[in-house]
Amino acid sequence: MSAETGEKWHDEVISSQTESEYTPPTTVQTPGSPMPPDPDTQGHLLHPGFSYLIQSVATGKFITFAKGKIVLDPIAGYSSTRWECIENDGWLGFRDPASYMLLGYIENENEELGCQFTRHDICERFQVREVEERIYHMLVIHVENWGKQDRRFKLLPIVHSRKDGQDILIKTKSNSNAAAWRFIRVQ
């Protein structure tokens, strides 16, 4: 390519660039301006300080705090389905913003989930593991030999169960039937 042809091509590129607008393919955020809401809020990695709806992939229902119990329900009525994500020493927790109580499991024979805890302690600590794109398992700490010197800690998944005609949540010792969850960030 001759210098003359190269200069002509260079001039044409500059000319065509100055005649058109420089519009980036996506919106560029200027420093200090608020970020616009993310149009795709489903299945995001959890971040402390944000609130989420926690949806069962199998049933389409949501973890709900209704009439003092944790159940799976469709979004409706006066129940609380929004959970504020918190973090303590690397462990996630989920707090009901209305009652300020934490989601956790009750130490009884069923080990079902409840929302009656004020401290982010052992029974209220969760890990979330991605099993498919934007689909997760929720795991809680299980303590074997509670109160004894040789106690052991395990992570156990949360599963659906039925009690008194309602879908409830319990922890299980079997990873094979772990419930799959979707986390939907809300404002």
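Residue numbers for the sequence shown follow numbering that gives the first Met the number 0, beginning at 0 and rising by one.
All C-beta atoms in this analysis are idealised placements derived from N, C-alpha and C, irrespective of residue type, glycine included.
- About 16 Å separates the Cβ atoms of Ser55 and Leu45, ruling out a contact at the 8 Å cut-off.
- With at least 16 other beta carbons inside 10 angstroms of its own, Ile169 counts as buried.
- Membership of Asp72 in the beta strand (DSSP E) is indicated by the continuous run 68 to 72.
- Under the three-state reduction of DSSP output, Ile121 falls in the helix class.
- According to the DSSP assignment, Met137 belongs to the beta strand (DSSP E) that extends over 134 to 143.
- In the displayed model, Asn109 falls within coil according to three-state DSSP, outside both helix and strand.
- Your pair Leu102 and Glu123 checks out as a contact, with CB atoms roughly 7 Å apart and the cut at 8 Å.
- Relative to the Cα of Trp82, the nearest Cα in the group Ala179, Tyr104, Arg133, Ser50 belongs to Ser50.
- In this structure, Phe152 sits away from Met137, with a CB-CB distance that is not shorter than 8 Å.
- Per DSSP, reduced to three states, the secondary structure at Ser173 is coil, with no helix or strand assignment.
- In this model, Tyr99 and Phe64 are separated by some 12 Å (Cα to Cα).
- Excluding its 5 nearest sequence neighbours in each direction, Pro73 has C-beta neighbours in its own chain below 8 Å: Gly59, Lys60, Phe61, listed in chain order.
- Annotated three-state conformation of Tyr99 is coil, per DSSP.
- If you draw a straight line from the Cα of Ile121 to the Cα of Gly164, it is about 29 Å long.
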